[in-house]
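Residue numbers (the numbering used here): 1210 to 1279.
Reviewing the structure listed below.
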Amino acid sequence: MSNPPLPTPIFESLAAPAQATQTIIVAQTFNDNLGQDVSGAFNNFIESGQVWALGIGFVLGYIVRSFTAY
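Written out as C-alpha cells, the structure reads:
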C-alpha cells in the first residue's frame, strides 16, 4: 500500500521560510533627559490652566459624591 500524498498548503508564501534582512545602525543618538521632559510637562500643565480644571473637578466631584452617597 502506498502512502497518500501530503496536502499542499493553502498559502504558498507561508510554506516558504521567511527571508530575513539585517541592517546595522551605526552611531544612533537620541536625547533622553527625563528630568527636563517632566519639568517641561509640569510647567505646561501649570501655565495652560489645566491645574485649575483639575482642582475644580476635584471640588465638584467631592460635592456630587457627598450628595449621592448615603
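Think of the CB as a built atom: it goes at the ideal place given N, C-alpha and C, for glycine as much as any other residue.
Q) Could you give the distance in angstroms between the alpha-carbon of G1264 and the alpha-carbon of F1251? A) 15 Å
Q. Could you give the distance in angstroms between the alpha-carbon of D1241 and the alpha-carbon of G1249?
A. 13 Å
Q. Do you know how far the Cα of V1268 is from the Cα of R1274?
A. 10 Å
Q. Between G1254 and V1260, which are expected to be in contact by the criterion C-beta below 8 Å, what is the C-beta distance as a whole number of angstroms?
A. A small correction: the amino acid at residue 1254 is Phe; Gly does not occupy that position in the sequence shown. Confirmed, Cβ separation roughly 6 Å.
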